[in-house]
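Trainee: Got a structure for you, written out below as structure tokens; questions coming shortly.
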Amino acid sequence: MKVYADNAATTKMSPTAISAMVAVMENDFGNPSSLYSIGQSAKEVLEQARSDIAAVINADPQEILFTSGGSEADNQALRSAAEIGRKKGKKHIISTPFEHHAILHTLNKLEQEGYEVTLLPVHEEGIVRIEELEAAIREDTCLVTIMFANNEIGTVQPIAEIGEVCHKHGVLFHTDAVQAAGHLPIDVKAMHIDMLSSSAHKYHGPKGVGFLYARKGIALTNLIEGGAQEKGKRAGTENVPGIAAMAAALKEAAGHMTENARHQSALRDRLIKGLSEIPHSALNGDAVHRLPGNVNFCFEGIEGESLLLLLDDRGISASSGSACTSGSLDPSHVLLSIGRVHDVAHGSLRLTLGEDITEEEVDYLIRNVQEVVDYLRSFSPFWRDLEDGKRPHIL
Ligand SMILES: *Cc1c(COP(=O)(O)O)cnc(C)c1O
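In my numbering, the protein residues as written are 748 to 1142.
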């Protein structure tokens, strides 16, 4: 059996998105900036995509800016808010320690440029507390950027409440909704969202294309200078086939959102129950306020990379929190932010289910993870120390 359980990393393109993309490549190859009809027809594809996407998140079409993906949208949102703040003498930004690196690394750069950044605690459950956000807002706060749903542990933030507090204090609110778009309902007006990032390949669209929603009246700062595309805010000939496919994928995902979420979350909970039976294991992040397809566990006495390789041998594509780079094992910043200690954070496993996941596949995942964890523990000196009482169990 083969089970692709890494949908938070990327998703398989849907047939609808593929045919939308191919149709544009075959029929609408023109440059949308050209005045003749072939160009204008490509322009129509672009504007139809803009209004289809806007409709899904209750925005106006002019508020949607096409980008090369989630990372670019995050960078542009933060740079724009920082520039707006600077002009008013406001150089304080509030965020969380478990954002995607597209946010965290941009915040690091802004700190080097003289901005001050406050990272709110996300606690054991992986959720920010509204009263702590409100207490952190200052006179000179120009931006709050908090992700809609976390890409590793899947926890979903109280976005509407966060937006309400920001607007009560006159602060801009950006959310990285890359994991949420196409999976959870989004209403930028009701949720008081000023800017929002999204990426097509996280909801069965193509890679290398995304969008930034920016509320009317927000002056965007360019990351890319050149032609006058996207109202002069993002130069470069538009990725028309990719944009058309993104709109098709988002429309499709939004159309089946309720039934998909019901199906996925039932199987997610079956998987959580099955993996909880492994001794000295723990679910990471809140069990209820989480993405319908996200399961993330820590297993004591295990090394995440070995687990992944052995699962791959059994046809399972999964992900671990720790990234092994040039011999140094850095545990995930997300797991550390919810208070997991280094040793435990190393033994993490993320399984992110697709909409078409079946009960048989979930049972296959449970059985194989249980077997591989047992096997790895059977020759782990670290595990023997735990079992011999030389080290205390943490989980
Ligand atoms: C995948 C992801 C991104 C980056 O999106 P790209 O389109 O791959 O650049 C940003 N934020 C989150 C939360 C993500 O999951």
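Think of the CB as a built atom: it goes at the ideal place given N, C-alpha and C, for glycine as much as any other residue.
Determine, using beta carbons only, whether alanine 996 and threonine 843 come nearer to each other than 8 Å.
Mentor: No.
Trainee: If we count the other Cβ atoms within 10 Å of its Cβ and call it buried at 16 or more, is asparagine 754 buried or exposed?
Mentor: That one is buried.
Trainee: How close, in whole Å, do the beta carbons of serine 1066 and alanine 849 come, if the pair is a contact with beta carbons under 8 Å?
Mentor: Not a contact, Cβ separation roughly 17 Å.
Trainee: Using DSSP's beta-bridge definition, name the partner residues of leucine 919.
Mentor: Leucine 919 pairs with Leu890.
Trainee: Starting from serine 784 and walking both ways along the alpha helix (DSSP H), at which residues does that stretch end?
Mentor: 784-803 is the span of the alpha helix (DSSP H), which, as asked, contains serine 784.
Trainee: Using DSSP's beta-bridge definition, name the partner residues of valine 903.
Mentor: Valine 903 pairs with Ala896.
Trainee: Can you tell me the Cα-Cα spacing of glutamate 886 and leucine 866, whole angstroms?
Mentor: One C-alpha to the other measures close to 17 Å.
Trainee: What separation, rounded to the nearest whole angstrom, lies between the Cα atoms of proline 988 and lysine 998?
Mentor: Answer to the nearest angstrom: the Cα atoms are 16 Å apart.
Trainee: Within the present structure, is the beta-carbon of leucine 1057 separated from the nearest heavy atom of ligand 2 by less than 7 Å?
Mentor: Ligand 2 is absent from the structure shown, which contains only ligand 1.
Trainee: At a cut-off of 7 Å, is serine 818 close to ligand 1 when judged by its beta-carbon and the heavy atoms of the ligand?
Mentor: The answer is yes for serine 818.
Trainee: Between leucine 967 and asparagine 822, how many whole angstroms is the CB-CB distance? I'm expecting something under 8 Å.
Mentor: Actually they are not in contact, since the Cβ atoms of leucine 967 and asparagine 822 sit about 11 Å apart, beyond 8 Å.
Trainee: Relative to the C-alpha of isoleucine 1034, which residue among Asp1090, Leu857, Gly983, Gln904 is closest?
Mentor: Looking at the sequence itself, residue 1034 is alanine, so the reference to isoleucine does not match. Selected option, being the one with the closest Cα: Gln904.
Trainee: Alpha carbons only, please: which of Phe958, Arg1017, Leu1054 is nearest the one belonging to serine 798?
Mentor: Among Phe958, Arg1017, Leu1054, the Cα nearest to that of serine 798 belongs to Phe958.
Trainee: Under three-state DSSP, which class holds serine 1073?
Mentor: Note that serine 1073 scores 45 on pLDDT, short of 50, meaning its location in the model is unreliable; the coordinates nonetheless yield the value given after this. Three-state result, serine 1073: coil.
Trainee: Have a look at Glu846, Leu880, Lys838, Val869 and flag the residue whose alpha-carbon is nearest the alpha-carbon of glutamate 860.
Mentor: Checking every option, the nearest Cα to that of glutamate 860 belongs to Lys838.
Trainee: With a threshold of 7 Å on Cβ separation, who are the neighbours of glutamine 1011 within its own chain once the five nearest residues in sequence on each side are excluded?
Mentor: Cβ neighbours of glutamine 1011 beyond the five flanking positions: Pro1039, Gly1040, Leu1100, Glu1102, Ile1104.
Trainee: Could you have a look at alanine 1008 and say whether DSSP puts it in helix, strand or coil?
Mentor: Of the three classes helix, strand and coil, the one that applies to alanine 1008 here is helix, per DSSP.
Trainee: Would you kindly report the start and end of the unbroken alpha helix (DSSP H) that includes glutamate 881?
Mentor: Start and end: 877-883.
Trainee: Are there three or more Cβ pairs, one per stretch, closer than 8 Å when the segment 782-793 is compared with the segment 816-831?
Mentor: Contact between the segment 782-793 and the segment 816-831 is absent, because fewer than three Cβ pairs lie under 8 Å.
Trainee: I'd like to confirm the pairing. Which residues does DSSP put opposite phenylalanine 958 in its beta bridges?
Mentor: According to DSSP, phenylalanine 958 bridges with Phe813, Ser945.
Trainee: Relative to the C-alpha of histidine 1036, which candidate in Leu1083, Pro779, Asp1016, Glu881 has its C-alpha closest?
Mentor: For histidine 1036, the nearest C-alpha among the options comes from Asp1016.
Trainee: Could you tell me whether any non-hydrogen atom of ligand 1 is closer than 7 Å to the CB of alanine 849?
Mentor: Result yes, Cβ under 7 Å from ligand 1.
Trainee: Which residues mark the beginning and the end of the beta strand (DSSP E) in which arginine 1124 is found?
Mentor: First-last for arginine 1124: 1106-1125, but that is the alpha helix (DSSP H), not the beta strand (DSSP E).
Trainee: Would you call the segment 1044-1059 and the segment 1083-1095 touching, i.e. three or more CB-CB distances under 8 Å?
Mentor: Touching, per the Cβ criterion.
Trainee: By the three-class DSSP mapping on this structure, what secondary structure does valine 935 have?
Mentor: Of the three classes helix, strand and coil, the one that applies to valine 935 here is coil, per DSSP.
Trainee: Beta carbon of alanine 828, beta carbon of leucine 890: below 8 Å?
Mentor: It is a contact, given that the beta carbons lie within the stated cut-off.
Trainee: Is the closest heavy atom of ligand 1 to the C-beta of aspartate 923 under 7 Å?
Mentor: Indeed, a heavy atom of ligand 1 lies less than 7 Å from the Cβ.
Trainee: Cβ of glutamine 904 within 7 Å of any heavy atom in ligand 1?
Mentor: False, no ligand heavy atom lies under 7 Å from that Cβ.
Trainee: Which value, in whole angstroms, describes the spacing of the CA atoms of serine 761 and glutamate 1006?
Mentor: The alpha-carbon atoms of serine 761 and glutamate 1006 are separated by roughly 17 Å.
Trainee: If we ignore side chains and look at the alpha-carbon of each, how far apart do lysine 1020 and alanine 1013 end up?
Mentor: Each residue's alpha carbon lies about 11 Å from the other.
Trainee: Can you check DSSP and say which residues form a bridge with threonine 1099?
Mentor: Answer is Asp753, Asn1041, bridged to threonine 1099.
Trainee: Give the DSSP bridge partners of isoleucine 841, in chain order.
Mentor: The partner list for isoleucine 841 (beta bridge, DSSP) reads Thr865, Val891.
Trainee: Whole angstroms is fine: what's the gap from isoleucine 831's alpha carbon to valine 925's?
Mentor: The alpha-carbon atoms of isoleucine 831 and valine 925 are separated by roughly 24 Å.
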